[in-house]
Amino acid sequence: MSEQPPRIVIAGAGHAGGSAAAFLRQYGWKGGITLVGEEANAPYQRPPLSKAWLKGEATAESLALRPARFYAQQNIELRLGTRLEVLDRAAKRLVLSDGTALGYDRLILALGARPRALPLPGADLAGVLALRGTIDADALQAALKPGARLAVIGGGYIGLEVAASARALGAGAVVIEREARVLARVAGADLSAFLERAHRARGVEIVTGAQVQAIEGQDGAARAVLLQDGTRIPADTVLVGIGAMPNLELAREAGLDCGAGIVVDLAARTSDPAIYAIGDCTQRPLPLYDRAGRLESVPNAIEQAKQAAADLCGRPPPPPEVPWFWSDQFELRLQMAGLAFDARETVVRGDMAADSFAVFHLDAAQRVLAVEAVNAPTDFMAGRLLVAKQARVAPDLLRDTATPLKDLAA
Amino acid sequence: MPSVTYIEHNGTEYRIEVEDGLSVMRGAVDNGVPGIDGDCGGECACATCHVYVDEAWLAKTGTPSEQEASMLSFAATAQPNSRLSCQIAMTAELDGLVVRMPEAQH
Numbered sequence: 001m002s003e004q005p006p007r008i009v010i011a012g013a014g015h016a017g018g019s020a021a022a023f024l025r026q027y028g029w030k031g032g033i034t035l036v037g038e039e040a041n042a043p044y045q046r047p048p049l050s051k052a053w054l055k056g057e058a059t060a061e062s063l064a065l066r067p068a069r070f071y072a073q074q075n076i077e078l079r080l081g082t083r084l085e086v087l088d089r090a091a092k093r094l095v096l097s098d099g100t101a102l103g104y105d106r107l108i109l110a111l112g113a114r115p116r117a118l119p120l121p122g123a124d125l126a127g128v129l130a131l132r133g134t135i136d137a138d139a140l141q142a143a144l145k146p147g148a149r150l151a152v153i154g155g156g157y158i159g160l161e162v163a164a165s166a167r168a169l170g171a172g173a174v175v176i177e178r179e180a181r182v183l184a185r186v187a188g189a190d191l192s193a194f195l196e197r198a199h200r201a202r203g204v205e206i207v208t209g210a211q212v213q214a215i216e217g218q219d220g221a222a223r224a225v226l227l228q229d230g231t232r233i234p235a236d237t238v239l240v241g242i243g244a245m246p247n248l249e250l251a252r253e254a255g256l257d258c259g260a261g262i263v264v265d266l267a268a269r270t271s272d273p274a275i276y277a278i279g280d281c282t283q284r285p286l287p288l289y290d291r292a293g294r295l296e297s298v299p300n301a302i303e304q305a306k307q308a309a310a311d312l313c314g315r316p317p318p319p320p321e322v323p324w325f326w327s328d329q330f331e332l333r334l335q336m337a338g339l340a341f342d343a344r345e346t347v348v349r350g351d352m353a354a355d356s357f358a359v360f361h362l363d364a365a366q367r368v369l370a371v372e373a374v375n376a377p378t379d380f381m382a383g384r385l386l387v388a389k390q391a392r393v394a395p396d397l398l399r400d401t402a403t404p405l406k407d408l409a410a
Numbered sequence: 001m002p003s004v005t006y007i008e009h010n011g012t013e014y015r016i017e018v019e020d021g022l023s024v025m026r027g028a029v030d031n032g033v034p035g036i037d038g039d040c041g042g043e044c045a046c047a048t049c050h051v052y053v054d055e056a057w058l059a060k061t062g063t064p065s066e067q068e069a070s071m072l073s074f075a076a077t078a079q080p081n082s083r084l085s086c087q088i089a090m091t092a093e094l095d096g097l098v099v100r101m102p103e104a105q106h
């Protein structure tokens, strides 16, 4: 058998897949790298799609994860506009949707997630949109003209960010949330309440505890969202933002261990030694919290891309990071670190009324589990450090803005 | 095009031409220079593009904004010449800029 340098195929050219390709070269991978992506564009940053891109403040160049020339310079083969259809682990062979077959020595699954579809009448009307890629964002941007009426189904981060952008573009925005508060699954009650107030003060209507019955249309186009209580919310554009589903069907069919996502360890290895998985499609260990879970975030995509690249290049795994997230809504910069599993106590530091504060979540032993900071970068950075150290902090000191966080984090 | 010299913690140097207006972070990331991550894409939200600006260039690169200074205040390896490289935009005036990378960004 001739000694070919080993080939890595990365299936999925989102933030995780694109980063993995770059880190592999940075860490010295000499073999082939093929990056397969379903979208027509090379890897790009999704976070600006709901913000700067919608508002026309970003360009394709600024959105790109790397410039177009990077891939040729780094000898990374891009196969765009096609996706993985068959994964034959025994033969280490893939079949792509364009019909071509591709062998691999090592495979990185970076399959991402897709927007959860709304299983209700009217979901197929024109003007009903989701937001995942640039095509979605362009459709949304075209719709959000001054005077347009946007209804967002789902009060998650994407929904709130788009509502804020819609207001900036001169469109009306209503956010419809099934739970009693926005961000019910991903944020604490204090932050939810603050953001509801902040959005209402800036002209976004927020309806909570609302069950959508149907989207009503006229001539095939959305005209209103009908709630179960009979309320009719007029809208010409409806954004469905009710969460994402990990793309793990192929992995499951191929017999890889899957839970809520493709099960991986802290080196991003799956149950098949030749296959790694990274990003939104994985269920990963959360070492600080003694459990496993799925993290849909750019920092997680990058962290796991590093884990896979390091392992493939024979490097020690990077030290585990504190999960973190960010969001921009109006002039509010949100930065969150840690996960508030088993939180028993919340401490607010700073001034909510002045739009600058942080909410710390502590467990029963007063260990800092998570921080949610609004226009409070120092508190965010300190909180991230406190979470990493699993530091115990007296709530009264945390609350006292005269006590520098530097002292508490020392 | 103005150039930047990036010096890795281990001493490896990279001289890179960076287009006017692009950030010093983008210059590194776009050219595969290790040691600058830029996880948030240049939003001054993550502090993973930390560099030490060579003393000779401190006056020309200016001073960090309040947001940037806050982010830097908790970087484990911060020094008085620390900057977040996503917040330094290249100009002709910065041609020849020298920055050094800390041992780790995380």
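Heads up: the sequence lines are chains V and W, in that order.
The first sequence begins at 1 in full-length UniProt numbering and counts up by one.
The second sequence begins at 1 in full-length UniProt numbering and counts up by one.
In this text, a Cβ means the ideal position worked out from N, Cα and C, and glycines have one as well.
Residues of the segment 377-407 of chain V with Cβ closer than 7 Å to any Cβ of chain W, in chain order:
Residues of the segment 377-407 of chain V whose Cβ lies closer than 7 Å to any Cβ of chain W, in chain order: PRO377, THR378, MET381, ALA382 and LEU385.
- Message: When you compare the CB positions of LEU334 of chain V and VAL371 of chain V, do they come within less than 7 Å of one another, or not?
- Response: No Cβ-Cβ contact shorter than 7 Å links LEU334 of chain V with VAL371 of chain V.
Discussion item. Could you give the first and the last residue of the continuous beta strand (DSSP E) run that contains SER297 of chain V?
Written reply: Segment: none, SER297 of chain V is in no beta strand (DSSP E) and carries neither H nor E.
field: Between the CA atoms of ALA117 of chain V and TYR157 of chain V - distance to the nearest angstrom
entry: Across the structure, TYR157 of chain V and ALA117 of chain V are spaced so that their CA atoms are roughly 17 Å apart.
Under the three-state DSSP convention, the category ALA221 of chain V falls into:
Of the three classes helix, strand and coil, the one that applies to ALA221 of chain V here is strand, per DSSP.
| Whose C-alpha, out of W:ALA76, W:TRP57, W:SER85 and W:ALA56, is nearest the C-alpha of SER65 of chain W? | Comparing Cα positions, the closest option is W:SER85.
Could you name the residues of the segment 109-120 of chain V whose beta carbon sits closer than 9 Å to any beta carbon of chain W, in the order they occur along the chain?
From the segment 109-120 of chain V, no residue has a Cβ closer than 9 Å to chain W.
**Prompt:** Since GLY392 of chain V sits in a beta bridge, which residues does DSSP pair it with?
**Reply:** It is Arg, not Gly, that sits at residue 392 of chain V in the sequence shown. DSSP output for ARG392 of chain V lists V:ARG367 as bridge partner(s).
### Message
Whether or not the segment 74-92 of chain V and the segment 29-45 of chain V are in contact is what I'm after, with contact meaning three or more pairs of Cβ atoms, one per stretch, closer than 8 Å; do they touch?
### Response
Short answer: they touch.
| Can you tell which of W:LEU72, W:ARG26 and W:GLY42 has its C-alpha closest to the C-alpha of TYR6 of chain W? | For the set W:LEU72, W:ARG26 and W:GLY42, the Cα lying nearest the Cα of TYR6 of chain W is the one of W:ARG26.
TODO: Check SER327 of chain V in the structure and name its three-state DSSP category.
DONE: Three-state DSSP puts SER327 of chain V in a strand.
Q) Beta carbon of ILE278 of chain V, beta carbon of ALA268 of chain V: below 7 Å? A) The answer is yes: Cβ separation under 7 Å.
Exercise. Give the DSSP bridge partners of MET245 of chain V, in chain order.
Key: In DSSP, MET245 of chain V forms a bridge with V:ARG114.
Please decide whether PRO74 of chain V counts as near chain W, where near means a Cβ-Cβ distance under 7 Å. Contrary to the premise, residue 74 of chain V reads as Gln rather than Pro in this sequence. Yes, GLN74 of chain V counts as interfacial toward chain W.
Practice item. Indicate the three-state DSSP secondary structure (helix, strand or coil) for GLU350 of chain V in the structure shown. Key: For clarity, residue 350 of chain V is Gly in the given sequence; the question names Glu instead. Residue state, collapsed to three classes: strand.
Examine chain W for any beta-carbon lying closer than 7 Å to the beta-carbon of PRO67 of chain V, and answer yes or no.
Any Cβ of chain W closer than 7 Å to the Cβ of PRO67 of chain V would place that residue at the interface, and such an atom is present.
Worksheet item: Quick one: which chain V residues come within Cβ less than 8 Å of GLN67 of chain W?
Response: By Cβ distance, chain V contributes ARG333 and PRO377.
- If we cut at 7 Å on Cβ distances, does GLU38 of chain V have a partner in chain W? Cβ-Cβ to chain W under 7 Å: no for GLU38 of chain V.
On the DSSP letters alone, give me the boundaries of the beta strand (DSSP E) that ILE36 of chain W sits inside. Boundaries cannot be given for ILE36 of chain W, as no beta strand (DSSP E) includes it and DSSP labels it neither H nor E.
Are the beta-carbon atoms belonging to LEU58 of chain W and ASN31 of chain W less than 7 Å from one another? Result no, Cβ atoms of LEU58 of chain W and ASN31 of chain W do not sit closer than 7 Å.
Query raised in the report: On the premise that CYS44 of chain W lies in contact with GLN67 of chain W, defined as a C-beta separation below 8 Å, what is that separation, rounded to the nearest angstrom?
Result: For a cut-off of 8 Å, the C-beta gap from GLN67 of chain W to CYS44 of chain W is around 5 Å, short enough to register as a contact.
Mind checking which residues open and close the beta strand (DSSP E) that includes THR34 of chain V?
-> Annotation for THR34 of chain V: the continuous beta strand (DSSP E) segment containing it runs 32-37.
### Query
Quick one: is GLY14 of chain V near chain W, going by C-beta distance under 7 Å?
No, GLY14 of chain V does not count as interfacial toward chain W.
Q. For the 8 Å Cβ check, are there 3 or more pairs between the segment 126-137 of chain V and the segment 99-108 of chain V?
A. Taking 8 Å as the limit for Cβ pairs, the verdict is that the segment 99-108 of chain V does not touch the segment 126-137 of chain V.
- Query: Fully enclosed by the segment 38-109 of chain V, which beta strand (DSSP E) runs are 3 residues long or longer?
  - Reply: List check, beta strand (DSSP E) in window: 76-80, 84-88, 93-96, 101-103 and 106-109.
Cβ-based neighbour list, SER327 of chain V, same chain, cut-off 7 Å, excluding 5 preceding and 5 following: Counting only Cβ-Cβ distances below 7 Å, and skipping sequence neighbours, we find TYR157, GLU161 and LEU334.
Given a threshold of 16 other Cβ atoms within 10 Å of its Cβ, counted over all protein chains shown, does ASP351 of chain V qualify as buried or as exposed? By the neighbour-count rule (16 or more Cβ atoms within 10 Å), ASP351 of chain V is not buried but exposed.
* GLU321 of chain V burial status per 10 Å Cβ neighbour count (16 or more: buried) -> Around the beta carbon of GLU321 of chain V, 16 or more other beta carbons sit within 10 angstroms, so the residue counts as buried.
**Message:** Let me check understanding here. Comparing Cα to Cα, which of V:LEU120, V:ALA142, V:GLY155 and V:ALA394 lies closest to LEU169 of chain V?
**Reply:** Taking only the C-alpha atoms, the option nearest LEU169 of chain V is V:ALA142.
Please check the pair ALA148 of chain V and ALA126 of chain V, which I expect to be a contact at CB under 8 Å, by giving their CB distance rounded to whole angstroms. In fact, because the Cβ distance is near 14 Å, the residues do not count as touching under 8 Å.
| request: Measure from the C-beta of residue 444 of chain V to each C-beta in chain W and report whether the shortest distance is under 7 Å. | output: No answer is possible for residue 444 of chain V: the residues shown for chain V start at 1 and end at 410.
Beta-carbon separation (whole angstroms), PHE23 of chain V vs ALA305 of chain V, contact threshold 8 Å = Contact holds; Cβ gap of about 6 Å.
**Q.** Option in V:ALA110, V:PHE325 and V:LEU96 with minimal Cα separation from ILE262 of chain V
**A.** Closest in C-alpha terms to ILE262 of chain V, from the list V:ALA110, V:PHE325 and V:LEU96, comes V:ALA110.
Query raised in the report: Which of helix, strand or coil does DSSP assign to MET336 of chain V?
Result: The three-state secondary structure of MET336 of chain V, taken from DSSP, is strand.
The beta strand (DSSP E) enclosing GLU205 of chain V, as first and last residue numbers
Annotation: the continuous beta strand (DSSP E) that includes GLU205 of chain V extends over 204-207.
key: is_contact[MET71 of chain W, chain V] using C-beta, thresh 7 Å   = Cβ-Cβ to chain V under 7 Å: yes for MET71 of chain W.
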